[in-house]
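The UniProt record's numbering puts the first residue of the sequence shown at 1, with every later residue one more than the last. For every residue, glycine included, the Cβ atom is placed at its ideal position computed from N, Cα and C. Down below is the structure, laid out as C-alpha cells.
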Amino acid sequence: MTEFLTTPQGRRIAHHRRAGAAGPGVVFLGGFMSDMTGTKAQYLQDWAERMDRPFLRFDYSGHGQSSGRFEEGCIGDWAEDAMAAITHLTTGPQVLVGSSMGGWIALLVARAMPERVRGMVGIAPAPDFAEDSMWQGFTADQRAALLRDGQITIPSDYSPQGYPITRRLIEDGRRHLVLRAPLLLPFPLRILQGTADTDVPPAVALRLMDHADSPDLHLTLVKGADHRFSTPQCLAMIAAAVEQVSGAA
Numbered sequence: 001m002t003e004f005l006t007t008p009q010g011r012r013i014a015h016h017r018r019a020g021a022a023g024p025g026v027v028f029l030g031g032f033m034s035d036m037t038g039t040k041a042q043y044l045q046d047w048a049e050r051m052d053r054p055f056l057r058f059d060y061s062g063h064g065q066s067s068g069r070f071e072e073g074c075i076g077d078w079a080e081d082a083m084a085a086i087t088h089l090t091t092g093p094q095v096l097v098g099s100s101m102g103g104w105i106a107l108l109v110a111r112a113m114p115e116r117v118r119g120m121v122g123i124a125p126a127p128d129f130a131e132d133s134m135w136q137g138f139t140a141d142q143r144a145a146l147l148r149d150g151q152i153t154i155p156s157d158y159s160p161q162g163y164p165i166t167r168r169l170i171e172d173g174r175r176h177l178v179l180r181a182p183l184l185l186p187f188p189l190r191i192l193q194g195t196a197d198t199d200v201p202p203a204v205a206l207r208l209m210d211h212a213d214s215p216d217l218h219l220t221l222v223k224g225a226d227h228r229f230s231t232p233q234c235l236a237m238i239a240a241a242v243e244q245v246s247g248a249a
C-alpha cells in the first residue's frame, strides 16, 4: 500500500516500505524521471520479502505519485527528499542502492549523514551528470535557449516527449557536485556498470572509482548490458551486491 511522508520542506513523498527482521535495511534510490514502480525497485522489493529484509522505495517530489511537478525539482530537492525518507522511515544504517541519478543522490546522502549508511550499490551511477553530461554536452544554441527561456527539452529513449531540463536543475546541480572535492565513503561500495550503456558510459563509473575514498570498492563491468541493467542476470547481480555490502561491520 502506498503511504505518504511530508518532508520538512512540505513535499509529500509517496513510498512503500516493509519492516523485515534480518540484516540492515535497503533503500532504493531511482533515476531521473523514473519512479518506484520500475523493474529494479520491484525486483528488490520481492528480494527483500524473500529475505525478510527491511526495504524502502519511494518517489522523489515531481516523480511518480509524489507531490509537485518534475520541472519544479532539482538535485538538491531530491536529495532532501531522500534524506527525509531515510530519517523518518528507516532505523539504523541502511544499504543505499542508487540507480543512475540515484547514485548521485546516494553519494549526497552519504556525505551528509554517513552514520546512516552501511554500504552502497551504484547501478550505472551518474554523479554530477547535470554539469558533466548535460551542460557540457549542450550546443551553444541549447545553452543560450536555457539561459534565456529557463527550460529546454532534450530527446530521450525513455520518453517520447523528451526530458524537460531547467536552468534551475543545472545551476542547482553545480552546488551539489561530488567529484570535485575529496569524497570519503567509509563503507563498502559496489559499482555495477554495463559496457553498452550509452546514457551513462563506463568512463563515469571509472572516474567515480578513481575518485572515491572507500576501504572496500569494487567495480563490475557487464559486457553488453545497457543503461536499464534489468536482465535477469543483471538483477541477480544487484541482489548479490546488496548482500556483499550488507555483511560489513
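Give the single residue among the options whose Cα lies nearest to the Cα of residue i.
i: P164; options: P93, E72 and T37; result: E72
i: R143; options: T166, P125, V27 and G103; result: T166
i: L107; options: P201, Q9, A181 and T195; result: A181
i: F187; options: R50, M113, G64 and H16; result: M113
i: G68; options: G10, T195, F229 and M237; result: G10
i: P201; options: F229, D141, M1 and L177; result: F229
i: D197; options: I123, A21, W47 and S246; result: I123
i: residue 250; options: L147, A145 and G162; result: This structure leaves residue 250 out entirely; the chain is present only between 1 and 249.
i: I191; options: T220, R207 and H176; result: T220
i: P160; options: M1, F28, E3 and M33; result: M33
i: D216; options: M120, H176, R175 and E80; result: M120
i: P54; options: W78, I86, A79 and L189; result: I86
i: Q66; options: G137, A140, H16 and Q42; result: Going by the sequence as given, residue 66 is Ser instead of Gln. Nearest of G137, A140, H16 and Q42 to S66, Cα basis: H16.
Does the beta-carbon distance from residue i to residue j come in below 8 Å?
i: D59; j: A14; result: yes
i: L185; j: A212; result: yes
i: F70; j: G76; result: no
i: L44; j: V97; result: yes
i: S100; j: A126; result: yes
i: H88; j: L5; result: yes
i: P8; j: A82; result: no
i: T39; j: G64; result: no
i: A240; j: T231; result: no
i: V26; j: V242; result: yes
i: G31; j: G102; result: yes
If we count the other Cβ atoms within 10 Å of its Cβ and call it buried at 16 or more, is residue i buried or exposed?
i: D149; result: exposed
i: Q94; result: buried
i: A249; result: For A249, the predicted model reports a pLDDT of 39, less than 50, meaning its position is unreliable; a value from the coordinates is still stated below. Looking at its Cβ environment, which holds fewer than 16 other Cβ atoms inside 10 Å, A249 is exposed.
i: residue 252; result: Residue 252 lies beyond the stretch modelled for the chain, which goes from 1 to 249, so this question has no answer here.
i: G173; result: buried
i: D128; result: buried
i: D199; result: buried
i: A21; result: exposed
i: A79; result: buried
i: M1; result: exposed
i: S246; result: buried
i: G194; result: buried
i: R175; result: exposed
i: R50; result: exposed
Along the chain, where does the alpha helix (DSSP H) that runs through residue i open and close?
i: M101; result: M101 to A112
i: E3; result: Unbroken run through E3 is the beta strand (DSSP E), E3 to T6; no alpha helix (DSSP H).
i: H88; result: I75 to L89
i: E243; result: P232 to S246
Residue range of the beta strand (DSSP E) that residue i falls in?
i: M36; result: Taken as a continuous stretch (DSSP letters only), M36 belongs to no beta strand (DSSP E), as it is neither H nor E.
i: A126; result: No beta strand (DSSP E) holds A126; DSSP gives it neither H nor E.
i: A14; result: R12 to R18
i: R116; result: Here R116 belongs to no beta strand (DSSP E), and DSSP marks it neither H nor E.
i: F58; result: F55 to F58
i: G92; result: First-last for G92: undefined, no H or E at that position.
i: G62; result: Per DSSP, G62 belongs to no beta strand (DSSP E) and is neither H nor E.
i: T28; result: A quick correction: the sequence has Phe, not Thr, at residue 28. Run containing F28: G25 to L29, per the beta strand (DSSP E) assignment.
Quiz prompt | Length at least 3, wholly inside the stretch 130 to 217: the beta strand (DSSP E) runs in chain order | solution = 151 to 156, 159 to 166 and 188 to 194
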